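All residue numbers for the sequence shown refer to the numbering used here, where the first residue is 167 and numbers rise by one.
In this text, a Cβ means the ideal position worked out from N, Cα and C, and glycines have one as well.
These numbers were taken from a predicted model, which means no experiment stands behind them.
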Amino acid sequence: MKLTMRYVLDVKLRLSHRIYSTTPYFLLLPVVVILLGLFAVGCDTAEEKINTDKLSIGVVSYGEGTISLDKYDRFKNHIGKQTKSIIELEPAYNELQAVEQVQRQNWEIVFAPPGLAAIAISKAKYLPLFSLEGVSSTQRSLLLVRDDRAIQKIGDLQNKIVALGETGSAAAFYVPLYDLYGLTLKQIKQVPTPKLALTSLNDGTVDAAAMAERDFETYKRDFPTTKFRVLHTSRWIPAGVVLIGQKVDRNQQQQIEKAMREAPPDITADAGYLTSAKVPNYDQFIQLIEKVRPLEDKVKQVPVVLVNPQLNNQITPNPEKTKVEKSK
């Protein structure tokens, strides 16, 4: 008697069902566990490969564009590789833009000059990780005049026009504002870069200009026919620092710090931070800035009366005891 194909298939299906239904559960369990394990490993591997963490690095660039930012490329690649994060480099072209970024905590890592560092530490709770320079390589603020002018001391700037940098700059704004306290100025002109400040001084638009000593040494060569004179040299300003924001969790912070500390010397040199230098103490400098910040609103007034009754017992500069220094 011949069996039809349909009958054969039916018999096979019944037999396989009988075998499966009669197999003890404990014999099938290892197979299930192995399959689940393979599935979990596959999922973990996929998650490990996909990392959506983003780290934004903020730097202050005086508009030099790619020339000034190229030096951070290898640092950016190194940190991204070591932390498995997407790194975004965000320049601010003056301190005012940078202050807005740190106040909003838009940057996780900041290469901060002193004025920005003081505000970020005191107001936005950023933590310093590394010094941008050695402890001995601090800077000073200069008040500059043209050598052919009769201005010989800070008191002679009474009713004159002075160029200051943007709010947030230590050497070009806060420190000279502290040193000018007590005067009434005809006007304060805020300029975004040291070069523009020297340009204004060179063409006579302003009577004096404030900037960092190192910026003066860099940009004065652009004015070979003009001789500038140092009217006043400020106290020492602490070195800038690399900061990390409070939004970064502790584990990631440790990863970033480790990656930065173990970076090759050529990468740290390009980025401009030192792994062996002591991080400067900002306590006293923060106090200085807090004393003059109430004067920020007065800067845009005409004339500018740099007096605040609340500060009279805190700021007592003596313009007559300034030292006139000849620029090199």
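Query                                                                                                                              : Result
Reduced DSSP secondary structure (H/G/I, E/B, other) of Asn-474                                                                    : coil
For Ile-252: DSSP bridge partner residues                                                                                          : Lys-220
Whole beta strand (DSSP E) elements within the region 265-350, 3-residue minimum                                                   : 275-278, 293-297, 305-312 and 327-330
Exposure of Ser-366, with buried meaning 16 or more beta-carbon neighbours within 10 Å                                             : buried
Entirely enclosed alpha helix (DSSP H) segments - the region 363-393, minimum 4 residues                                           : 379-385
Contact check, Ala-264 vs Gly-224, beta carbons under 8 Å                                                                          : yes
Three CB pairs or more closer than 8 Å across the region 304-311 and the region 330-340                                            : yes
For Pro-257, three-class secondary structure by DSSP                                                                               : strand
Boundaries (first-last residue) of the alpha helix (DSSP H) holding Leu-409                                                        : Not the alpha helix (DSSP H): Leu-409 falls in the beta strand (DSSP E), residues 407-410.
Where Gln-356 falls: helix, strand or coil (DSSP)                                                                                  : strand
Ile-327 vs Val-465 beta-carbon contact at 8 Å                                                                                      : no
Reduced DSSP category for Val-458 - H, G, I as helix; E, B as strand; rest coil                                                    : helix
Contacts around Ile-253, its chain only, beta-carbon distance under 7 Å, and the 5 residues preceding and following it disregarded : Leu-221, Ile-223, Lys-242, Ile-245 and Gly-246
Ala-443 versus Glu-428: straight-line alpha-carbon distance, rounded                                                               : 14 Å
Residues bridged to Ile-403 (per DSSP)                                                                                             : Gln-305
Span of the alpha helix (DSSP H), counted from its first residue to its last, around Glu-423                                       : 416-427
Arg-306 at chain B interface by Cβ criterion, 8 Å                                                                                  : The chain inventory of the structure shown lacks chain B, comprising one protein chain alone.
Leu-298 vs Tyr-385 beta-carbon contact at 8 Å                                                                                      : no
Exposure label - Pro-257; buried when at least 16 CB within 10 Å                                                                   : buried
Coarse secondary structure for Val-465, derived from DSSP in three states                                                          : helix
Contact under 8 Å by Cβ, Glu-499 with Gly-406                                                                                      : There is simply no residue 499 to check, as the chain begins at 167 and stops at 494 in what is shown.
Helix, strand or coil at Gln-263 according to DSSP, with G and I counted as helix                                                  : helix
Whether Phe-296 touches Thr-399 by CB criterion (8 Å)                                                                              : no
With 16 other Cβ atoms within 10 Å as the buried cut-off, status of Ala-316                                                        : exposed
Beta-carbon contacts of Leu-255 that lie in its chain and below 6 Å, excluding the five residues immediately before and after      : Ile-223, Tyr-238 and Lys-242
Alpha-carbon spacing of Tyr-347 relative to Leu-472, whole angstroms                                                               : 5 Å
Cβ-Cβ distance between Pro-358 and Asn-260 below 8 Å                                                                               : yes
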